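*Asks:*
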Amino acid sequence: MEETENVGCQHYKRKCALVSPCCKKVYTCRVCHDDKENHQLVRQDVQEIKCLICEKVQKVAGSCESEDCKTVFGKYFCEKCRLYDDDNKKQFHCDKCGLCRVGGDENYFHCDTCGVCLAKELRNAHKCIEQASRSNCAVCLEDLHTSRIAAHIPPCGHLIHYACFKEMLKTGNYACPTCNHSMVKMDNVWEHIDEEILHTPMPEEYKDYIVQILCRDCHKESSVLFHVLGLKCQECGSYNTCRTAEPEVEQDDVSAKPSNTDGSGDSASSSNNPSTS
Numbered sequence: 130m131e132e133t134e135n136v137g138c139q140h141y142k143r144k145c146a147l148v149s150p151c152c153k154k155v156y157t158c159r160v161c162h163d164d165k166e167n168h169q170l171v172r173q174d175v176q177e178i179k180c181l182i183c184e185k186v187q188k189v190a191g192s193c194e195s196e197d198c199k200t201v202f203g204k205y206f207c208e209k210c211r212l213y214d215d216d217n218k219k220q221f222h223c224d225k226c227g228l229c230r231v232g233g234d235e236n237y238f239h240c241d242t243c244g245v246c247l248a249k250e251l252r253n254a255h256k257c258i259e260q261a262s263r264s265n266c267a268v269c270l271e272d273l274h275t276s277r278i279a280a281h282i283p284p285c286g287h288l289i290h291y292a293c294f295k296e297m298l299k300t301g302n303y304a305c306p307t308c309n310h311s312m313v314k315m316d317n318v319w320e321h322i323d324e325e326i327l328h329t330p331m332p333e334e335y336k337d338y339i340v341q342i343l344c345r346d347c348h349k350e351s352s353v354l355f356h357v358l359g360l361k362c363q364e365c366g367s368y369n370t371c372r373t374a375e376p377e378v379e380q381d382d383v384s385a386k387p388s389n390t391d392g393s394g395d396s397a398s399s400s401n402n403p404s405t406s
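The working numbering puts the first residue of the sequence shown at 130, with every later residue one more than the last.
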């Protein structure tokens, strides 16, 4: 048995391979198949497997049918998903998700609205979005529901891969790529911008210039004094805002009218974006 401990591939440790129903080729797992072929393997359609110990091709089962072999293909076996794994990842099958998850079913519940298994601490503590997982990650565009990469749920409820979320923070991007709502607490950053604005007075011709803004965090509109470093929401104090309209003026001609601080109309320059937390 010592000689077979490392049987499998880089994705799964197992002692059998899948006979692809689509192309009839033998691959250790669906990921290996999809990396090599120009089509995807539907794991649930697999009807035959190949024992990697005695090389016998046989119907899907938990152990080899050969009397001289009887090898157990994986310590975890899900007949529905055709999933074999010798690593203990606390795998469990969720019928509502239609696939196997990792982490232990005692630690998760299935949210019928979001359509995905979530950590139990998020029960009644997350914003539901209809079938949120049945979409692609807004960063890497990989399917979220079937991804082997853990997902993260920011306050807005739009799922994103946790790895992609961390990379966004490293590059100074704190807003959800789907709705622009802040994905982390920004109070310290807003206080820092308050301090910068306090010590950076605007030129005389701009100091009384009023602009209309919309807050991307609380979705309220405000009329605020224009400042090149940021436009602060008067409702929640966020600087995650954007210009919505030109101010009302009595004169037909306005001599000084500042432009947006960047091409997208955002209220703060990129240098004011937060760094990695």
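Don't be surprised by glycine CBs; every beta carbon is placed ideally from N, CA and C.
Remember, it's a predicted structure, so these values are computed and weren't measured experimentally.
Using three-state DSSP, classify Ala248 as helix, strand or coil.
*Replies:* Of the three classes helix, strand and coil, the one that applies to Ala248 here is strand, per DSSP.
*Asks:* Within a Cβ cutoff of 8 Å, which residues of the same chain sit near Ile339, ignoring the five residues on either side of it in sequence?
*Replies:* Excluding residues within five positions, the ones whose Cβ falls inside 8 Å are Ser352, Val353, Leu354, Phe355, Pro376.
*Asks:* From Val175 to Val189, what does the alpha carbon distance come to, in whole angstroms?
*Replies:* Distance between the alpha carbons of Val175 and Val189: 8 Å.
*Asks:* Where does the unbroken alpha helix (DSSP H) through Leu327 begin, and where does it stop?
*Replies:* From DSSP, the alpha helix (DSSP H) with Leu327 extends over 316-327.
*Asks:* Count the other CB atoms within 10 Å of the CB of Cys158; is the residue buried (16 or more) or exposed (fewer)?
*Replies:* So Cys158 ends up on the buried side.
*Asks:* For His162, which three-state DSSP category applies?
*Replies:* If DSSP states are grouped into helix, strand and coil, His162 belongs with the helices.
*Asks:* Roughly how many whole angstroms lie between the Cα atoms of Cys308 and Cys285?
*Replies:* So the alpha carbons of these two residues sit roughly 8 Å apart.
*Asks:* Between the beta-carbon of His90 and the beta-carbon of Cys207, is there less than 8 Å?
*Replies:* The structure shown does not extend to residue 90, since the chain is modelled only from 130 to 406, so the question has no answer here.
*Asks:* Where does Cys138 land, buried or exposed, given buried means 16+ other C-beta within 10 angstroms?
*Replies:* It is exposed - the Cβ of Cys138 has fewer than 16 other Cβ atoms within 10 Å.
*Asks:* Near Asp163, what residues of its chain come up, given a Cβ to Cβ distance below 7 Å and the 5 sequence neighbours on each side ignored?
*Replies:* Around Asp163: Gln169, Leu170.
*Asks:* Is DSSP giving Gln341 helix, strand or coil here?
*Replies:* Strand.
*Asks:* Do Lys144 and Ile182 have their C-beta atoms closer together than 8 Å?
*Replies:* The answer is yes: Cβ separation under 8 Å.
*Asks:* What distance in whole Å lies between the Cβ atoms of Thr200 and Cys210, which are believed to be in contact at a cut-off of 8 Å?
*Replies:* Contact flag wrong, Cβ pair sits at about 20 Å.
*Asks:* Could you tell me the alpha carbon to alpha carbon distance between Tyr237 and Asp272, rounded to whole angstroms?
*Replies:* Taking the straight line from one Cα to the other gives about 20 Å.
*Asks:* Excluding the five sequence neighbours on either side, which residues of its own chain have a C-beta within less than 8 Å of the C-beta of Lys249, listed in chain order?
*Replies:* Closer than 8 Å at the Cβ level, and outside the excluded window around Lys249, lie Asn236, Tyr237, Phe238.
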